[in-house]
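If you read the sequences in order, they're chains X and U.
Residue numbering for the first sequence follows this note's numbering, beginning at 1 and increasing consecutively.
Residue numbering for the second sequence follows this note's numbering, beginning at 1001 and increasing consecutively.
Using N, Cα and C, we set each Cβ at its ideal position, and we do this for glycine too.
Note that this is a predicted model, so its numbers are computed, not measured.
There are 2 protein chains.
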Amino acid sequence: MEFKVQSLKIKAGKYKVVLNNHDAIELGVRGGDRVLLKDHMFLTAIVETGDMIPIGTVGVYQECCEKLGDQCPLTIELIPTSKPNSVGFIKKMMDHQKLTQEEIRQIVQDIVRENLTEVEMSAFVTSSYIYGMTSDEIEWLTRAMIDSGEKIEFNTHPIMDKHSIGGVPGNKISLLVVPIIAANGLLIPKTSSRAITGAAGTADLMEVLAPVEFTADEIKNITEKVGGVIAWGGATNIAPADDKLIRVEYPLSIDPRCQLLASIMAKKGAVGADCVVIDIPVGIGTKVPTLDDGKKLARDLIELGERLGMKVECAMTYGASPVGRTIGPAIEVREALKVLETMQGPNSLIEKSTGLAGILLEMGGVATRGHGKDIAMETLRSGKAFRKLQEIIEAQGGNPNVSHTDIVTGEHRGELSSPADGYVIEFDNKRIVEIARMAGAPTDKGAGVWIHRKKGETVKKGEPLITIFADKSWKLTQALKSAEKEYPIIVEGMLLERVQTFKSI
Amino acid sequence: MEFKVQSLKIKAGKYKVVLNNHDAIELGVRGGDRVLLKDHMFLTAIVETGDMIPIGTVGVYQECCEKLGDQCPLTIELIPTSKPNSVGFIKKMMDHQKLTQEEIRQIVQDIVRENLTEVEMSAFVTSSYIYGMTSDEIEWLTRAMIDSGEKIEFNTHPIMDKHSIGGVPGNKISLLVVPIIAANGLLIPKTSSRAITGAAGTADLMEVLAPVEFTADEIKNITEKVGGVIAWGGATNIAPADDKLIRVEYPLSIDPRCQLLASIMAKKGAVGADCVVIDIPVGIGTKVPTLDDGKKLARDLIELGERLGMKVECAMTYGASPVGRTIGPAIEVREALKVLETMQGPNSLIEKSTGLAGILLEMGGVATRGHGKDIAMETLRSGKAFRKLQEIIEAQGGNPNVSHTDIVTGEHRGELSSPADGYVIEFDNKRIVEIARMAGAPTDKGAGVWIHRKKGETVKKGEPLITIFADKSWKLTQALKSAEKEYPIIVEGMLLERVQTFKSI
Chain X
1 MEFKVQSLKI
11 KAGKYKVVLN
21 NHDAIELGVR
31 GGDRVLLKDH
41 MFLTAIVETG
51 DMIPIGTVGV
61 YQECCEKLGD
71 QCPLTIELIP
81 TSKPNSVGFI
91 KKMMDHQKLT
101 QEEIRQIVQD
111 IVRENLTEVE
121 MSAFVTSSYI
131 YGMTSDEIEW
141 LTRAMIDSGE
151 KIEFNTHPIM
161 DKHSIGGVPG
171 NKISLLVVPI
181 IAANGLLIPK
191 TSSRAITGAA
201 GTADLMEVLA
211 PVEFTADEIK
221 NITEKVGGVI
231 AWGGATNIAP
241 ADDKLIRVEY
251 PLSIDPRCQL
261 LASIMAKKGA
271 VGADCVVIDI
281 PVGIGTKVPT
291 LDDGKKLARD
301 LIELGERLGM
311 KVECAMTYGA
321 SPVGRTIGPA
331 IEVREALKVL
341 ETMQGPNSLI
351 EKSTGLAGIL
361 LEMGGVATRG
371 HGKDIAMETL
381 RSGKAFRKLQ
391 EIIEAQGGNP
401 NVSHTDIVTG
411 EHRGELSSPA
421 DGYVIEFDNK
431 RIVEIARMAG
441 APTDKGAGVW
451 IHRKKGETVK
461 KGEPLITIFA
471 DKSWKLTQAL
481 KSAEKEYPII
491 VEGMLLERVQ
501 TFKSI
Chain U
1001 MEFKVQSLKI
1011 KAGKYKVVLN
1021 NHDAIELGVR
1031 GGDRVLLKDH
1041 MFLTAIVETG
1051 DMIPIGTVGV
1061 YQECCEKLGD
1071 QCPLTIELIP
1081 TSKPNSVGFI
1091 KKMMDHQKLT
1101 QEEIRQIVQD
1111 IVRENLTEVE
1121 MSAFVTSSYI
1131 YGMTSDEIEW
1141 LTRAMIDSGE
1151 KIEFNTHPIM
1161 DKHSIGGVPG
1171 NKISLLVVPI
1181 IAANGLLIPK
1191 TSSRAITGAA
1201 GTADLMEVLA
1211 PVEFTADEIK
1221 NITEKVGGVI
1231 AWGGATNIAP
1241 ADDKLIRVEY
1251 PLSIDPRCQL
1261 LASIMAKKGA
1271 VGADCVVIDI
1281 PVGIGTKVPT
1291 LDDGKKLARD
1301 LIELGERLGM
1311 KVECAMTYGA
1321 SPVGRTIGPA
1331 IEVREALKVL
1341 ETMQGPNSLI
1351 EKSTGLAGIL
1361 LEMGGVATRG
1371 HGKDIAMETL
1381 RSGKAFRKLQ
1391 EIIEAQGGNP
1401 NVSHTDIVTG
1411 EHRGELSSPA
1421 DGYVIEFDNK
1431 RIVEIARMAG
1441 APTDKGAGVW
1451 IHRKKGETVK
1461 KGEPLITIFA
1471 DKSWKLTQAL
1481 KSAEKEYPII
1491 VEGMLLERVQ
1501 TFKSI
């Protein structure tokens, strides 16, 4: 059928058109069905229905308009067409049937090309979450994710890489690990993420010091020039399926294991990594509650690495408490730079960074087994790591002469003080992150939380437990109010709640 | 944060707003999160993000605009808020935890109020499909579906009802069953559906004779006046959750058993039915492939009925072949009316209709056990059923003096003739329905397929197998072309495909 075209000037995130209910019935399609748009070319689009579009007209979202050419045609023919094959493969998953490599490749391809509706994507993610995948399927998913985007191929080897499973606040170690590795002559093209539910991702941190948005080619060039890079993976077209899956997983608060594995290893595979160390924070509040869970995850990552030709080692780390004493972009960078410049700073940060860097130095053949951490520590202590970070900052377009004292943190500050003398007996990572986010992190770079007391430490009544930093005063107010309403840190002997009358219970 | 309001003049089907990516980050929300719209009232909306809306502006879809008042306000404050609790309950389902009655009630309520995103709805439907539900959960789901919409309460009892599981083409029996029951003094307020993937639903058929869109009150009044009604359920607000679920199930081509059960019984419960007969067509191509599957389904339906205080009986019927010889609204009505007027017509139609009506007459106490079918047959033969249907047609606003010869069928007709002498050895229900739909059914009332030969019947070369009817000539052409390309009926000895050269294999 021929339709008048109405350009909607709205992006749908997919190739989508809207038809009047009456026309949809006439054409024999329903919401979620596909039509071919026949103009000078064929384009498949997803159908929405509604009664806001007049009969005889098709509403065309921006993506379709752009694809159809500089100007949307005045009329267009619509022909009902079948759904992509991958919808049938998702149905197979729902019926707990195994998929072939080719079927998984087609699903990933359709995800990247935005050919699947939200309903179909959600069915894929939900089925993956419920049934999981076999080792073969996970390998194929990873390979499909690697192949669906840009790949970097280096001429020299080995290429080193590092990943943290996440879930522990203040985990700024990449700012130390990357320069330590690069300072020892190994290449480490680190792509990283921005915070989604956290207060600061590695990309948010690095952005305080230098631009982080680069193409795959630029990442390769910077790495070859100075040995390392800390870039935002989201700006590249490396393993792009991941971001699209997160758009569906985030609203459901799930992270299916098979997709977690594939997404980590696809990003490493796509940058050509040979040796990868993976930081698995373990403990309450992290993604990995117990050591046994951690070992299982480590085994899966190592096996998947083997299948893909990558050497993987995992380090289980203490995740129930933040790394260092800062949460939020600028104050985390300040803490990390101070360690690099002066070796002054929290033990948890120095020990964890050199520990992981040490493993990579051993894997890369720069240190003999058992001596990696010493070399990492020496690289840090000698100032070589700091000078290397300065080179990386410069190569990424930032100011290399930066010092920790230059980092500007939020001008609006407020303290939460202890209502009692005693030990810190409870420390709630999630609440701390929530408070940092309310104060503006990760968008407001100066916002965050400085932790004065961690679990097990003593505090006197009236002494500060945390200081909240914010760039905007209303955000400080909102964060403070929330912190005072429900303390993120519990001191032994402190009243948890005061019940004044029987009725208030 | 305060935003300028831009009315989008597009319906989203839900309360939705669009924010610029930058503003979403600033506000701390992502696609699928919820915001409170604070004006003279509070309204919760789902967030979409994009870069087509300017920074500082919120794009407001039509439903939100309407809710906000006659005119959209110029500015509005947005406050991030949490997702509905039902999202957490869906997550519980994904983790295979049992839900409470209250949790299920909240999910159904949020489905009906359009508070859930497509991603969340799909996760609900996919989890239901994969895990199923316990009998308790199915009962609660049914009760929640009944309570989520309008209910009819009759003063007289018993109230009779009938449902067909579907999947068999030409199943026009309600046009006979309803008047037979009503003619015997029992009340039967039948709500029915339009075809979704079929060629004609009962509502599509009845619409050839009279209007079918009524409110719950009107359905009650018509039933009390003439004993029966055949209305379109979709026009009422009876058990409205069902239509919303189908919008998600249809694109995935699934029909989770727990939702099938709940949706059937909720519609019966909501009209106050006391006695229900359920037609379960069994056979290849139907929803119930084997007798064992049919018995299992019957057991589940009877048990659910007991829990809800309804008497349910099931009849397993032959579903591998169409009922009667017609597929498509007008020609099916013509075939049914001819039986009512003259007792002339296919045995499959007369036997099935009187069989099911007989069960209802026995359940309603009008016939003693074993004699229901005889009374049904007598009601039909005597013309009482036809006169009752005329009364129902009149009460619904149609012309009661209609005869089968008045029914106008599609003026464009084409035949598919047998290429060989022999028996019909294969008869493909699905292809027949596809051809009827290509010819315009169910939207074009005159479109459909007349079946000259059913499975096991003999045919001579050149004799017609089917006649295709269409209201529009281009639809006839398209249906004929498709039928000739892939025959829906296979005659023994007929060439299935001619391979002319080795290369064409």
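Taking 3 residues as the minimum length, the beta strand (DSSP E) runs contained wholly in the region 286-342 of chain X are 311-318, in order along the chain.
If you look at Y250 of chain X, you'll find it in the alpha helix (DSSP H) that goes 241-252.
Not one beta carbon of chain U lies nearer than 8 Å to the beta carbon of A235 of chain X.
Apart from sequence neighbours up to five positions away, the residues of its chain that approach G493 of chain X with a beta-carbon distance below 8 Å are A420, D421, G422, ordered along the chain.
Among the residues facing chain U, S127 of chain X is included, as its CB has a counterpart in that chain under 8 Å away. For K1091 of chain U, the number of other beta carbons within 10 angstroms of its own is at least 16, and it is reported as buried. Straight across, the Cα-Cα distance linking T354 of chain X with P281 of chain X is about 16 Å. Nearest CB-CB separation between R1257 of chain U and chain X: not below the 8 Å threshold. When DSSP reads this structure, E426 of chain X sits in a beta bridge with X:I490.
Put simply, the CB of I1076 of chain U is far from chain X, with every gap to its CB atoms at 8 Å or more. When the five nearest sequence neighbours on each side are left out, the beta carbons in the same chain lying within less than 7 Å of the beta carbon of E1063 of chain U are those of K1011, A1012, K1014, Y1015, in order along the chain. In the DSSP assignment, K1373 of chain U falls within the unbroken alpha helix (DSSP H) covering 1372-1381. For Q1006 of chain U, the enclosing beta strand (DSSP E) has its first and last residue at 1002-1007. Burial state of R194 of chain X is buried, judged by a 10 Å Cβ sphere holding 16 or more other Cβ atoms. Residue pairing by DSSP leaves K1151 of chain U without any beta bridge partner. The three-state secondary structure of L1416 of chain U, taken from DSSP, is strand. T1202 of chain U is not a Cβ neighbour of M94 of chain X, given a cutoff of 8 Å. Look at E484 of chain X here: in three-state DSSP terms it is helix. If you draw a 10 Å sphere on the C-beta of Q106 of chain X, you find 16 or more other C-beta atoms in it, and that means buried.
Listed by position along chain X, the residues whose Cβ is nearer than 8 Å to that of T1117 of chain U are E118, P251. In this structure, A1182 of chain U places its C-beta atom within 8 Å of the C-beta atom of G1227 of chain U. Spatial neighbours of E249 of chain X in its own chain (CB-CB distance under 8 Å, excluding positions within 5 residues in sequence) are listed in chain order as V125, D255, P256, Q259. When Cβ-Cβ separations below 8 Å define contact, Q62 of chain X makes contact with chain U.
Membership of V277 of chain X in the beta strand (DSSP E) is indicated by the continuous run 275-282.
Excluding its 5 nearest sequence neighbours in each direction, V17 of chain X has C-beta neighbours in its own chain below 8 Å: V35, L37, A45, I46, V47, E48, V58, G59, V60, Y61, C64, L78, listed in chain order. The continuous stretches of beta strand (DSSP E) do not include P1179 of chain U, which lies in the alpha helix (DSSP H) extending over residues 1174-1183. Taken through DSSP and simplified to helix, strand or coil, R1034 of chain U comes out as strand.
Against chain X, the beta carbon of E1457 of chain U has no neighbour under 8 Å; the closest one sits roughly 30 Å away. For R1437 of chain U, the nearest beta carbon of chain X is closer than 8 Å to its own beta carbon. S1473 of chain U does not reach chain X, its nearest Cβ partner there being about 15 Å away, counting only Cβ pairs nearer than 9 Å. Within the region 1183-1222 of chain U, the complete alpha helix (DSSP H) segments at least 4 residues long are 1202-1206, listed from N- to C-terminus. Secondary structure of T477 of chain X (DSSP, three-state): helix.
The Cβ atoms of A199 of chain X and G398 of chain X lie no closer than 8 Å to each other.
Cβ atoms of T1075 of chain U and V1005 of chain U come within 8 Å of each other, at about 6 Å. Residues of chain U with a Cβ closer than 9 Å to the Cβ of M94 of chain X are, in chain order, T1126, Y1129, I1130, L1252, I1254.
For N20 of chain X, DSSP records a beta bridge to X:G50.
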